[in-house]
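Here the structure comes first, spelled out in structure tokens, and everything after it is commentary.
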Amino acid sequence: MKWAGLYLVGFVILIGGVLAAFWKLGILASIGTAWTLIGVAIAFGIGIMIAISNSGSKENIEINRK
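For the sequence shown, this note's numbering begins at 189 and goes up steadily by one.
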């Protein structure tokens, strides 16, 4: 689970950087608060789904019985 947590931290930093760039360019002012929050919620949802789907390795355990 630690890699999923690390991925989510990186994803939050990425989303923060994108939002800061949009704010600096004035794009957030033209979009509006509601649509910005909706976009952020969707981005976090996608980030969580990707982090969980890539966390851990799925392996079959084979037991040799004698």
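Just so it is clear, CB atoms sit at the ideal spot from N, CA and C, and this is done for glycine as well. From a predicted model like this one, the values you see are computed outputs, not experimental measurements.
Expected contact under 8 angstroms - CB spacing of residue i and residue j to nearest Å
i: Leu-196; j: Gly-235; result: 6 angstroms
Proximity below 8 angstroms, CB of residue i to CB of residue j
i: Ala-192; j: Ile-240; result: yes
i: Ala-231; j: Ile-251; result: no
Own chain residues within Cβ distance below 8 angstroms of residue i, not counting five before or after
i: Leu-207; result: Leu-216, Thr-224, Val-228
i: Asn-242; result: Trp-191, Ala-192, Tyr-195
Spatial neighbours of residue i in its chain, beta-carbon cut-off 6 angstroms, leaving aside the 5 residues before and after
i: Ile-201; result: none
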